[in-house]
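Read the structure below first, then the notes.
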Amino acid sequence: MSRGKLVVISAPSGAGKTTIARAVLAAYPTFRFSVSGTTRPVRPDEIHGRDYIFLTREEFLRKVDAGEFVEWEEIYGDYYGTLKAEVERALRDGQHLLFDVDVKGGLSIKRVYPEACLIFLRPPRVEDLLERLRNRKTEKPDTITRRMERVPMELALGTSFEHQVVNDTLERAIEEVKKTVAAYLTN
Numbered sequence: 002m003s004r005g006k007l008v009v010i011s012a013p014s015g016a017g018k019t020t021i022a023r024a025v026l027a028a029y030p031t032f033r034f035s036v037s038g039t040t041r042p043v044r045p046d047e048i049h050g051r052d053y054i055f056l057t058r059e060e061f062l063r064k065v066d067a068g069e070f071v072e073w074e075e076i077y078g079d080y081y082g083t084l085k086a087e088v089e090r091a092l093r094d095g096q097h098l099l100f101d102v103d104v105k106g107g108l109s110i111k112r113v114y115p116e117a118c119l120i121f122l123r124p125p126r127v128e129d130l131l132e133r134l135r136n137r138k139t140e141k142p143d144t145i146t147r148r149m150e151r152v153p154m155e156l157a158l159g160t161s162f163e164h165q166v167v168n169d170t171l172e173r174a175i176e177e178v179k180k181t182v183a184a185y186l187t188n
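First residue of the sequence shown? That's 2 in this note's numbering, and the numbers climb one at a time after it.
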């Protein structure tokens with residue numbers, strides 16, 4: 002059995018990474034979604050184990066101390082991370098993993114797994130992110146402000162990703178990401 006492959010999709014909040022990740026998963030049934038651990042509250046449409054592994058701060062920090070994460074970070078006062086055991090099991094079993102993580106997490110995954118394919122989604126304009134976040138109606142204004150404060154850093158670090166996709170039209174962005182994934186799988 003051949004070793005699995007890793008595809009990382011990163012973007013600033015509101016750039017469409019979760020929507021595009023879901024489209025890639027639908028197009029490539031050989032991929033499994035890498036479920037991150039987090040300490041943030043569950044949103045109404047989320048399910049433990051499918052969208053995230055929801056942990057208490059204490060549980061998360063115990064796993065950090067035990068070295069159980071490939072990458073982890075505190076973002077907006079909550080912790081997010083990818084469990085090493087899950088990644089290693091998938092790769093060993095020949096499964097492909099798709100990651101929907103922040104830009105620093107994506108770069109951390111690349112350091113541990115240099116063969117990983119990194120795709121960064123860019124908004125056509127920063128103002129579009131603000132509009133998308135407001136339209137979600139899932140965050141308070143102060144949370145949106147904190148998310149927007151990270152955008153310059155995320156856009157700067159995103160230039161380190163080997164693939165850049167501007168999400169100006171969702172359908173076009175999905176097709177471009179799917180083509181990138183197809184090319185990576187044939188290498």
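Ideal Cβ placement from N, Cα and C applies to all residues, glycine included.
In the three-state scheme derived from DSSP, where H, G and I count as helix and E and B as strand, V8 is classed as strand. If the five residues before and after E69 are omitted, its C-beta is found closer than 8 Å to the C-beta atoms of L84, K85 and A86, all from its own chain and listed in chain order.
Inclusion of V9 and G107 in the CB contact set at 9 Å is warranted, their separation being smaller than that value. Going by C-alpha positions, A67 is about 11 Å away from E60.
Straight across, the Cα-Cα distance linking V182 with P153 is about 26 Å.
DSSP lists T83 as the bridge partner or partners of E72. Listed in chain order, the alpha helix (DSSP H) elements of length 4 or more contained wholly in the segment 124-150 are 127-137.
Burial check for E47: the Cβ neighbour count within 10 Å stays below 16, so the residue is exposed. Under the three-state reduction of DSSP output, Y185 falls in the helix class. Residue pairing for Y29: DSSP places it in no beta bridge. Assigned with DSSP and collapsed to three states, F162 falls in coil, not helix or strand. For the options R151, L7 and R126, the alpha carbon positioned closest to that of K105 is the one of R151.
With fewer than 16 other Cβ atoms inside 10 Å of its own Cβ, A157 counts as exposed.
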